[in-house]
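In the UniProt record's numbering, the protein residues as written are 1 to 130.
Structural data, given as structure tokens:
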């Protein structure tokens with residue numbers, strides 16, 4: 001049962017992401033409204049996927065990605081960045097920091113479902129290989 005952490009300072013956007021991903025079988029969702037809250041949630045329990053905005057008022061998405069990649073127990077957590085920033089510099093910076101996918105808002109339900117499915121299946125296959 002995939003555990004998904006959705007992080008965005010916009011409640012509407014968090015709810016939209018959850019609604020788009022809800023069809024993924026047996027998923028459970030936790031929402032966080034800031035980068036700091038995301039880091040707190042990541043310390044409480046393991047997650048299978050992190051969906052993260054770049055622009056947040058306290059700790060930005062890039063810093064959260066860098067934090068995740070710096071933690072041994074989180075290093076392989078799949079991360080999808082969902083942001084209004086569509087410029088190439090933001091995309092490159094997010095991917096270099098360690099994000100697995102970069103999507104711009106607005107996105108389609110199919111596009112975020114496809115990205116989540118691919119990352120969760122890849123992560124599951126890698127875990128079963130040991």
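Built from N, CA and C at the ideal position, the CB exists for glycine as well.
Judged by their CB atoms, residue 41 and residue 77 are not nearer to each other than the 8 Å cut-off.
Proximity of the stretch 17 to 29 to the stretch 57 to 77 falls short of the contact definition, fewer than three beta-carbon pairs being nearer than 8 Å. In the structure shown, the three-state DSSP call for residue 91 is helix. With 16 or more other Cβ atoms from the protein chains shown falling within 10 Å of its own Cβ, residue 13 counts as buried. Taking 8 Å as the cut-off, the beta carbon of residue 2 is found no closer than this to the beta carbon of residue 43. DSSP places residue 99 outside both helix and strand once states are collapsed to three, so it counts as coil. Minimum Cα-Cα distance from residue 33 among the listed residues 17, 119, 100, 48 corresponds to 17. According to the DSSP assignment, residue 29 belongs to no alpha helix (DSSP H) but to the beta strand (DSSP E) extending over 28 to 32.
Secondary-structure assignment with DSSP links residue 42 through no beta bridge to anything.
Ranked by Cα distance from residue 74, the options 118, 36, 98, 114 are led by 98. In the DSSP assignment, residue 80 forms a beta bridge with 51, 101. The closest CA to that of residue 86, considering only 71, 25, 53, is found on 53.
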